[in-house]
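Structure record follows, encoded as structure tokens.
Residue numbers (the numbering used here): 29 to 127.
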């Protein structure tokens, strides 16, 4: 009984660790900071279901904690307020995943 319990606990740790690693690889990333100075470019795209998605695209210079600059592309569902500061999460595979 004790060996089965130890095996189950080990299995839970392996599954939990794998899930955490998968999440960090797909949705984690480096934090960058940006200040919005201009209006976004109005976007209109068709979705797979046939409906139309409206949004705004931005291409802004962003800076990480070390002060290194990187130009990042991201979208928003509405036009962002001028002079607003945003914290962006940049993933090498997926681009900006969160702001």
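From the three backbone atoms N, C-alpha and C, an ideal C-beta is built for every residue, glycine too.
Keep in mind that this is a model prediction, so the values were computed, not measured.
As assigned by DSSP and simplified to three states, the class of residue 104: strand
Counting beta carbon pairs with one atom in the stretch 61–77 and one in the stretch 33–52, are three or more of them shorter than 8 Å? Result no; under three Cβ-Cβ pairs closer than 8 Å.
Among the candidates 118, 125, 109 and 123, whose CA atom is the shortest distance from the CA of residue 63? 109
Taking only the alpha-carbon atoms, compute the straight-line gap between residue 42 and residue 35 and give it to the nearest angstrom. 11 Å
Tell me which residue opens and which closes the beta strand (DSSP E) that residue 89 is part of. Residues 80–91.
Compare the Cα-Cα distances from residue 112 to each of 65, 121 and 101 and report the closest residue. 65
In this structure, how does DSSP classify residue 30 when only helix, strand and coil are distinguished? helix
Per DSSP, residue 71 forms a beta bridge with which residues? Partner residues in the beta bridge of residue 71, as assigned by DSSP, are 83.
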